Amino acid sequence: MAIGQFQQQRFSFDSYAVGTNLSIIGRFDYKIYENSENGYKIYTFDIERIIDEDGFEHEAADQISVTGYYEVNEHCAVLPSKVTGVVAAYRGEKQLKADTVEFIEPATDEGIISFLSCGIIKGVGEKTARNIVSGYKSGSGHVEGFGSKTLEIIKNEPLSLTRIRGISPDKARVIHDSYMENMEYQNVMIFFQKFGVSSAKAMKIYNTFKGTSIAIAEQNPYMFANIRGFGFKSCDEIAKKLGIDPHSIFRLESALKSVLETAEADGHCYLFKDRLLEMTAKALSDETDTISAAELEEAYVRMVKTGNFVNLTYSENQESFEAVYTKEMYKMEYETAVAIKEIVRCQPDVRMCHVDKLIEEFEAIRGFELESMQKEAVKAVFDTNLLILTGSAGSGKTTTVECMIYVLQRYFENQEEMSFMLAAPTGKAAKRLTEITGFEAMTLHRLLQFSYENKGFFYRQGNELPYDLIVVDESSMLSIDLAHALFTAISPGTAVVMIGDTQQLPSVGAGNVLDDMIKSGIIRTVKLNVIKRQADGSGIISNANRIINGEMPEIINENKDFFIIEEEDKNRVIKKTLEALTRLMTGYNYTIDDVQVICPQKTSEIGTYEMNKAIQELINPAAADKAEIKRGNSTFREGDKVIHLSNNYESPHYHKDPLTGRYVAEENCGVFNGDIGRIMEISQISEAGDASGDDDVNSTIASEKRVAVQYDDFIIIYQINELEEIDLAYSLTVHKMQGSQCEAAIILCHMRNYIMLNRNLGYTAVTRAKRMACIIGQKKAVKVMVSNVKINERNSMLCELLRI
Numbered sequence: 001m002a003i004g005q006f007q008q009q010r011f012s013f014d015s016y017a018v019g020t021n022l023s024i025i026g027r028f029d030y031k032i033y034e035n036s037e038n039g040y041k042i043y044t045f046d047i048e049r050i051i052d053e054d055g056f057e058h059e060a061a062d063q064i065s066v067t068g069y070y071e072v073n074e075h076c077a078v079l080p081s082k083v084t085g086v087v088a089a090y091r092g093e094k095q096l097k098a099d100t101v102e103f104i105e106p107a108t109d110e111g112i113i114s115f116l117s118c119g120i121i122k123g124v125g126e127k128t129a130r131n132i133v134s135g136y137k138s139g140s141g142h143v144e145g146f147g148s149k150t151l152e153i154i155k156n157e158p159l160s161l162t163r164i165r166g167i168s169p170d171k172a173r174v175i176h177d178s179y180m181e182n183m184e185y186q187n188v189m190i191f192f193q194k195f196g197v198s199s200a201k202a203m204k205i206y207n208t209f210k211g212t213s214i215a216i217a218e219q220n221p222y223m224f225a226n227i228r229g230f231g232f233k234s235c236d237e238i239a240k241k242l243g244i245d246p247h248s249i250f251r252l253e254s255a256l257k258s259v260l261e262t263a264e265a266d267g268h269c270y271l272f273k274d275r276l277l278e279m280t281a282k283a284l285s286d287e288t289d290t291i292s293a294a295e296l297e298e299a300y301v302r303m304v305k306t307g308n309f310v311n312l313t314y315s316e317n318q319e320s321f322e323a324v325y326t327k328e329m330y331k332m333e334y335e336t337a338v339a340i341k342e343i344v345r346c347q348p349d350v351r352m353c354h355v356d357k358l359i360e361e362f363e364a365i366r367g368f369e370l371e372s373m374q375k376e377a378v379k380a381v382f383d384t385n386l387l388i389l390t391g392s393a394g395s396g397k398t399t400t401v402e403c404m405i406y407v408l409q410r411y412f413e414n415q416e417e418m419s420f421m422l423a424a425p426t427g428k429a430a431k432r433l434t435e436i437t438g439f440e441a442m443t444l445h446r447l448l449q450f451s452y453e454n455k456g457f458f459y460r461q462g463n464e465l466p467y468d469l470i471v472v473d474e475s476s477m478l479s480i481d482l483a484h485a486l487f488t489a490i491s492p493g494t495a496v497v498m499i500g501d502t503q504q505l506p507s508v509g510a511g512n513v514l515d516d517m518i519k520s521g522i523i524r525t526v527k528l529n530v531i532k533r534q535a536d537g538s539g540i541i542s543n544a545n546r547i548i549n550g551e552m553p554e555i556i557n558e559n560k561d562f563f564i565i566e567e568e569d570k571n572r573v574i575k576k577t578l579e580a581l582t583r584l585m586t587g588y589n590y591t592i593d594d595v596q597v598i599c600p601q602k603t604s605e606i607g608t609y610e611m612n613k614a615i616q617e618l619i620n621p622a623a624a625d626k627a628e629i630k631r632g633n634s635t636f637r638e639g640d641k642v643i644h645l646s647n648n649y650e651s652p653h654y655h656k657d658p659l660t661g662r663y664v665a666e667e668n669c670g671v672f673n674g675d676i677g678r679i680m681e682i683s684q685i686s687e688a689g690d691a692s693g694d695d696d697v698n699s700t701i702a703s704e705k706r707v708a709v710q711y712d713d714f715i716i717i718y719q720i721n722e723l724e725e726i727d728l729a730y731s732l733t734v735h736k737m738q739g740s741q742c743e744a745a746i747i748l749c750h751m752r753n754y755i756m757l758n759r760n761l762g763y764t765a766v767t768r769a770k771r772m773a774c775i776i777g778q779k780k781a782v783k784v785m786v787s788n789v790k791i792n793e794r795n796s797m798l799c800e801l802l803r804i
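Numbering (full-length UniProt numbering), first residue to last: 1 to 804.
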């Protein structure tokens, strides 16, 4: 280190400009703030020396605030520390935003004695500490202490301590473990910071692997891919910085699994081996290095032998194929098939009932007659345990279910009480089912009751759902993981009715569950084939069915609910979308919650990313009285309409106490993919019973804002690092809208999104609208959409497994 002529001159921390990189040496004083959820902390720190950007060291005597993601044990605070970071400021007070914290172990005998006896080491007081370091007199002479090597002995050769009076092998191990427990966190953080790993990610690694974190990083950093927020790319970056061989078998295995998991995210339950190896080789190789086929084959064989992959070989048309699953995915698909077959095998007792008479009662109450296939479906509930009710938009699926429930209730009323539950994959779909039928409906996640304590669903195999009948709407949205959770939690004696439209887009998650169940041929299926709502002059229903049949939608004078606005220029599509949105909200009195702009994809000039920004600027522009916060390229503002992007079973529910303004936790938890809410507050949110409610603490630093989002009947509070779980919801993809409906839908259709245009997408988009649908875009693009019957085939074997 360079020591200049100004070494002894005292410098003030305040004299350094914001943004200056500095190192400070001194001691941590006390913790003034801690965010228990993300690990962010603020400490006071007594500076003794400052090392500036040029490496010059100056004496100092300041007390400042140090912020960052570091845990400073109260006993470790007796050690001097070197903190490196950037000068920041908040409300006029300068503080150091720490990048690294390094504890400086004492070098002198007295310093080591003081450190050991401060309480950091269990069972070591001042006398024992002095004996260990300086030695002592005994009856046989002087016993030498370990002097300046004491800490190295404790870390690396703890059993050597047994030569000191009163230290047994067990106590030596306790001294070692106690020292490591208190110091390893700092060692792990320092290690990863040297390689550019962020503090937040290093903390996640430590929380998962504790003291083994460094050893794992040096041997196989790809194990970090199992931590939430890490993926193969993140691990690969760490591995490169650590100098891990790019041909490492661990790297190849992790890449193979990553490609297979990416395929699952695209809807596939498995990949064919040739395709898996081809995609992995492409992902790993670059201009300077190529992974050989032999290397990948070796890694693949190891993954199969260790049970991480399951490979199934089958023949078709005299060709042999090898399907490759992750072990988790194969287990889900296989167990789902077993559970479904068990439900089908357990047929109900023959019930003698005048079903026709009860159906007539229902028809008299409702004032119309059911179609023959609707009646067949109602009767089928009495002779099968698992029924699939399918049909296109407007065919009367929901009315049929109402009649089923009416007939079953009438049948059981003089015998025994019948318990039933309606459910759907999403909150919006469940809410719509409740509104239409008048019966309570809930999401499948809430039906199965996620248990935070057990890290799984409360209702599962061995603790099945307590209902006589379960009706699942929007079953085309069932992914294999949700289907697995549902069917394994159903008692074989429970009747199940699956309602769905296979002409809609398949589920966002892996699998093609409803279609596979129908194609298997083992499940009773009733398809409704008469469009009931066309008689009401619904342009939405008639045009949705025209699209799915490959015909162009049309505008008929008497149809007041379906419009097409032609526009070639993609930039003017944005302008006309905003104009249409404004007209719906002013001329038709719709709110932004009633209207949904639907795009084929996220990217492009007319994808959801850009449309959300444009609509946000129109509907909820920046204002002095609206707090906002940025995450990546998105800005979230109070009042914004947002969507949750993944299933999070652990997020607690809150409500806001109107008297105190605090957020009070409720017993329920969980927020799920597709839930739509509204940002109600962005601030230093305080919770009842949380120390962060102190006004002085909450005002310490602006970056500790939290975001409160009001969903249907609960509030979720997001930390800053959790904002990746939400996005603006003014514009959504068709996939995100599946299972939901809105009063009015504005659907964008342009050749700019050519790759996504197909009949199923157009049909699904139009049927999201209840009262009004408007397509804006090119006529050519609409023609392409209705002509394209091809959708991406999904790799799944549920159909075959059901037939076995």
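Even for Gly, the Cβ is constructed at its ideal location relative to N, Cα and C.
Here the structure is a predicted model, which is why all the values come from computation and not from measurement.
Note to self: Going by the DSSP bridge assignment, what does A745 pair with across the sheet?
What the structure shows: Q596 and A773
Check: Do you know offhand how far R794's Cα is from H268's?
Finding: 5 Å
Check: Do residue 808 and G135 have their C-beta atoms closer together than 8 Å?
Finding: With the chain represented from 1 up to 804, any question about residue 808 goes unanswered, as that position is not in the structure.
Notebook entry, point to check: In terms of residues, what are the limits of the beta strand (DSSP E) holding T443?
Noted result: A441 to T443
Notebook entry, point to check: At which residues does the alpha helix (DSSP H) containing residue 834 begin and terminate?
Noted result: Lying before the first or after the last residue shown, residue 834 is absent from the chain, which here runs from 1 to 804.
Next item on the list: Please state whether DSSP places R410 in a helix, a strand or coil.
Entry: helix
Next item on the list: Go ahead and label H655 buried or exposed: buried means 16 or more other beta carbons lie within 10 angstroms of its beta carbon, across all protein chains shown.
Entry: exposed
Next item on the list: Determine the extent of the beta strand (DSSP E) in which F362 is found, giving its start and end residues.
Entry: Here F362 belongs to no beta strand (DSSP E); instead the alpha helix (DSSP H) covers V355 to R366.
Next item on the list: Pick helix, strand or coil for T635, following the three-state DSSP scheme.
Entry: strand
Next item on the list: Report buried or exposed for A293, applying the criterion of at least 16 other Cβ atoms within 10 angstroms of its Cβ.
Entry: exposed
Note to self: Judging by CA-CA distance, which residue of E369, S634, P466 and S248 is the nearest neighbour of D289?
What the structure shows: S248
Item checked: Where E253 falls, given that 16 or more other Cβ within 10 Å makes a residue buried -> buried
Next item on the list: Tell me whether G139 is buried or exposed, calling it buried when 16 or more other Cβ atoms sit within 10 Å of its Cβ.
Entry: exposed
Next item on the list: Measure the Cβ-Cβ separation of A217 and I238 and say whether it is below 8 Å.
Entry: yes
Item checked: Nearest-angstrom Cβ-Cβ length linking A337 and L798, presumed shorter than 8 Å -> 6 Å
Item checked: Residue span of the alpha helix (DSSP H) that contains residue 805, given as start and end -> The requested residue 805 does not occur in the structure, where the chain is confined to residues 1 to 804.
Next item on the list: Could you tell me the boundaries of the alpha helix (DSSP H) in which C799 lies?
Entry: L798 to R803
Margin query: Going by DSSP, what residue range makes up the beta strand (DSSP E) through Y649?
Written below: N648 to K656
Item checked: N-terminal and C-terminal residue of the beta strand (DSSP E) that I113 is part of -> It is not in any beta strand (DSSP E) - I113 instead sits in the alpha helix (DSSP H) that spans D109 to F115.
Notebook entry, point to check: Could you give the distance in angstroms between the alpha-carbon of A614 and the alpha-carbon of P553?
Noted result: 28 Å
Item checked: Separation of S148 from D481, as counted between CA atoms -> 58 Å
Item checked: Reference R327; option with closest CA among M303, Y314, A339 and C742 -> What sits at residue 327 in the sequence shown is Lys, not Arg. Selected option, being the one with the closest Cα: M303.
Next item on the list: Sort out for me which residues DSSP pairs D46 with in a bridge.
Entry: R27 and Q63
Check: The alpha helix (DSSP H) with Y330 in it runs from where to where?
Finding: K327 to R345
Check: Does the count of Cβ pairs from the stretch 16 to 36 and the stretch 161 to 172 closer than 8 Å reach three?
Finding: no
Notebook entry, point to check: Smallest Cα separation from A773: which of A61, L271, I540 and Q684?
Noted result: I540
Item checked: Cα-Cα separation, Q504 to D516 -> 14 Å
Check: Going by alpha carbons, who is nearest to N529 out of Y459, M203, M373 and K257?
Finding: M373
Item checked: Y90, DSSP secondary structure in three states -> strand
Check: Should P221 be labelled buried (16 or more other beta-carbon atoms within 10 Å of its own) or exposed?
Finding: buried
Check: Start and end of the alpha helix (DSSP H) containing D516?
Finding: V513 to S520
Checklist line | Best match in G493, T128 and L447 for proximity to A483 [C-alpha to C-alpha] | finding: L447
Note to self: Need the endpoints of the alpha helix (DSSP H) that R546 sits in, please.
What the structure shows: G539 to I548
Notebook entry, point to check: The beta strand (DSSP E) spanning E681 covers which residue range?
Noted result: I676 to S683
Check: S520: which of E126, L277, S796 and L284 sits nearest, CA to CA?
Finding: S796
Notebook entry, point to check: Between the stretch 83 to 92 and the stretch 110 to 121, do three or more beta carbon pairs fall short of 8 Å?
Noted result: no
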